[in-house]
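Here's the structure we're looking at; comments come further down.
Number of protein chains: 2
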Amino acid sequence: MLDKKIRRWRHVFKLDPNRMLSDLALEMICKSDTDAIIIGGTDGITYENTQQLLDRVRKYPVFCVQEISKIDAVVPGFDGYLIPAVLNSGDTNWFLGAHHQALKAYGDFIPWNHVLLEGYLTCNPEAKVSRVTKANTDLTVDDCVAYVRLADRLYRLPIFYIEYSGTFGDVEIVKAARSEVSSARLFYGGGLTTEEQVKTMAPHVDTIVVGNLIYFNAQRAVQTVAWVKKNQQRKKVKRSQVKKRQK
Amino acid sequence: MLDKKIRRWRHVFKLDPNRMLSDLALEMICKSDTDAIIIGGTDGITYENTQQLLDRVRKYPVFCVQEISKIDAVVPGFDGYLIPAVLNSGDTNWFLGAHHQALKAYGDFIPWNHVLLEGYLTCNPEAKVSRVTKANTDLTVDDCVAYVRLADRLYRLPIFYIEYSGTFGDVEIVKAARSEVSSARLFYGGGLTTEEQVKTMAPHVDTIVVGNLIYFNAQRAVQTVAWVKKNQQRKKVKRSQVKKRQK
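One line per chain: the protein sequences are A and B, in this order.
First residue of the first sequence? That's 361 in my numbering, and the numbers climb one at a time after it.
First residue of the second sequence? That's 361 in my numbering, and the numbers climb one at a time after it.
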């Protein structure tokens, strides 16, 4: 069950089938101590390049899921599938429309236990995904809180994913999400290149997603795994201390 | 918890705050053996007329929920709240936009255990709700199956509600929904005026919603309760017989 799997994810890498990655870099990423690889992107995603990248990742035992952005690029054989529901999109297609079309075409073949919806908040106005989905990225803390309530409380989605696509996000937005999330897992992605940035963001979320950095400094990208786990470890200790105090 | 309550609903009445109903007719409806009253509508719904209707219903011990269609007509004091997510709407407002705005304005005051989303399929092209939500009502059986998968499997919504608003629906569409629903409760509303029609529809759904009939023949509307329960009873007996056979 993918639900249970993602509860253990503290760090994941996101690989883009439309970007070049050397075998050496890929090996470093797959052999790192990351919890999973997500394969997905917005631009130029095809069945062929997704399949090729999956084949390359499959040489390693790492858990690998596809984040679906196009119906005709869905490749069988992943360990799971994440389906974004773009919460701040202005177009029904990105929340319901494409999903309905996909279910109409391929609904008989869906391994439901391996599929999860992501409540996806795209926050960088310059990002392709924001433009394609006609997203309202001009978000206040109150907007973010309302989106968390929408996704986590009302729709009861299993994942609330804040994505700043290549830019470092607003920590106040992320903290606001943390304070409101009740049962969803909180994912953050965007602009993580230094240990300081990871230290700033990681304690507030369940799962850190590292993407861009892989493509300009794979070695440093691998380091983010340790940075995240160091920070999340601290949080865990704190939580258990709190529990002890409550007893 | 509203989740558990709705599992026992086999018949509910839907009252429209914008339509006249005599005290006698209201008394008959509220003292019938129905499982709940839903208060809601599309046209001319205000805080005042909703509040007034709730006050009149509150003279009786019947369970009463509001189906929300307008933020500023939400009245505190109901036993629960149903929030439609119009699956076949062409406008994000009807499953995200208005919800986000409402949560931004009133999110702090929401009794989450008493709130449920309805995956709502509006099927009568002439109905006001279909026009307001810019709904695609030209639905095939395959469309319906895909909407069930979308609402019930992917979004895991607790209710899948097929509404034909005053016209008797396509039983093949309803049967298709029945065959696909896994955990959602299946609601049907629309054009039920005779025992024959109830017999046709009731065995395929969990909950029958009777609205229109109240306003032109309250006595007959009350009879639908017995008609529904008779048919659903039969189904129950059949199910237990099946279980015995399996033992």
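Beta carbons: idealized from backbone N, C-alpha and C, even for Gly.
The structure presented is a predicted model; accordingly, all values stated were derived computationally and were not measured.
query: In chain B, what lies closer than 9 Å to Ser449/A by C-beta?; result: Thr452 and Leu456
query: Glu321/B lies in the alpha helix (DSSP H); which residues open and close that run?; result: Residue 321/B is absent from the model: chain B starts at 361 and stops at 607.
query: So, with DSSP's three-state summary, where would you put Val565/B?; result: coil
query: Using C-beta distances below 7 Å, list every residue in its chain close to Tyr441/A, excluding the 5 sequence neighbours before and after it, in chain order.; result: Val425, Gln426, Ile428, His474 and Val475
query: Round the Cβ separation of Ala495/B and Asn448/B to the nearest angstrom and send it over; I've been treating them as touching at under 8 Å.; result: 5 Å
query: With which residues is Ser449/A paired in a DSSP beta bridge?; result: Ala495/A
query: Taking the alpha carbon of Pro421/B as the point to measure from, which residue in Asp451/B, Asp403/B, Ile574/B and Glu387/B has its own alpha carbon closest?; result: Glu387/B
query: At least one CB of chain B closer than 8 Å to the CB of Lys604/A: is that the case?; result: For Lys604/A, the predicted structure reports a pLDDT of 49, less than 50, and the residue's modelled location is therefore unreliable. The matter cannot be settled from this model.
query: Among all the DSSP beta bridges, which residues are the ones paired with Lys360/B?; result: The structure shown does not extend to residue 360/B, since chain B spans only 361 to 607, so no value can be given for it.
query: Look at the alpha carbon of Arg367/B and the alpha carbon of Arg545/B, and state the distance between them as a whole number of angstroms.; result: 7 Å
query: Which residues share a DSSP beta bridge with Pro444/B?; result: Glu478/B
query: Classify Tyr407/A as helix, strand or coil using the three-state DSSP reduction.; result: helix
query: Which residues in chain B have a C-beta closer than 9 Å to the C-beta of Ala506/A? List them in chain order.; result: His459, His460, Gln461, Ala462, Leu463, Lys464, Ala465 and Gly467
query: Measuring alpha carbon to alpha carbon, tell me which of Leu514/B, Asp498/B and Phe373/B ends up nearest Phe423/B.; result: Phe373/B
query: For Leu384/B, is the classification buried or exposed, using 16 other Cβ atoms within 10 angstroms of its Cβ as the cut-off for buried?; result: exposed
query: With a 10 Å radius around its C-beta and 16 neighbouring C-beta atoms as the bar for buried, classify Val570/B as buried or exposed.; result: buried
query: Assuming Cys390/A is part of the alpha helix (DSSP H), what are its boundary residues?; result: Asp383 to Lys391
query: Would you mind working out which of Ile397/A, Thr394/A and Pro377/A sits nearest Asp403/A, comparing C-alpha positions?; result: Pro377/A
query: Which of the three DSSP states, helix, strand or coil, is assigned to Ile574/A?; result: helix
query: For Gly443/B, go through chain A and note every residue whose CB falls closer than 9 Å to its CB, in chain order.; result: Sequence inspection shows Ile at residue 443/B; the Gly mentioned does not correspond to that position. Per Cβ cutoff of 9 Å: Leu514.
query: By Cβ distance, which residues of its chain are closer than 6 Å to Ala581/A, with the 5 residues on each side in sequence left out?; result: Val570, Leu573 and Ile574
query: Would Met545/A pass as an interface residue toward chain B - the criterion being a Cβ-Cβ separation below 8 Å?; result: One point to set straight first is that residue 545/A is Arg, not Met, in the sequence displayed. Chain B, which has no Cβ nearer than 8 Å to the Cβ of Arg545/A, makes this no.
query: Within the continuous alpha helix (DSSP H) that includes Val366/B, where are the two ends?; result: Checking the displayed sequence, the identity of residue 366/B turns out to be Ile instead of Val. That run of the alpha helix (DSSP H) goes Leu362 to Ile366.
query: Using alpha carbons as the reference points, say which of Tyr407/A, Arg491/A, His460/A and Asp439/A lies closest to Met361/A.; result: Asp439/A
query: Can you tell me where the alpha helix (DSSP H) holding Tyr420/A begins and where it ends?; result: Looking at the DSSP string, Tyr420/A is not in any alpha helix (DSSP H), and its letter there is neither H nor E.
query: Measuring only between beta-carbons, confirm whether Leu510/A sits less than 8 Å from chain B.; result: yes
query: Within the same chain, show all residues whose beta-carbon is closer than 6 Å to that of His564/A, passing over the 5 residues directly before and after it, in chain order.; result: Val534, Lys535 and Arg538
query: Sorted by chain position, which residues of the same chain lie with C-beta nearer than 6 Å to Glu540/B's C-beta, five sequence neighbours on each side aside?; result: Val505 and Val508
query: Of all the options Thr394/A, Thr584/A and Phe469/A, which has the alpha carbon lying nearest to the alpha carbon of Val435/A?; result: Phe469/A
query: So Cys483/A and Gly529/A are in contact, right, with Cβ under 8 Å, and what is the actual spacing, rounded?; result: 6 Å
query: Alpha helix (DSSP H) containing Leu463/A: first to last residue?; result: Gly457 to Tyr466
query: Considering only DSSP beta bridges, list what Val425/B is partnered with.; result: Ile398/B and Gly440/B
query: Give me the subset of the region 478-505 of chain A whose CB atoms are less than 8 Å from a CB atom of chain B, sorted by chain position.; result: Asp502, Asp503 and Val505
query: Indicate whether Asp432/A and Val585/A have their beta-carbon atoms separated by less than 8 Å.; result: no
query: Do Leu456/A and Leu413/A come within 8 Å of each other at the CB atom, strictly closer than that value?; result: no
query: If Thr410/A and Ile399/A are in contact, beta carbons under 8 Å, what's the gap, nearest whole angstrom?; result: 6 Å
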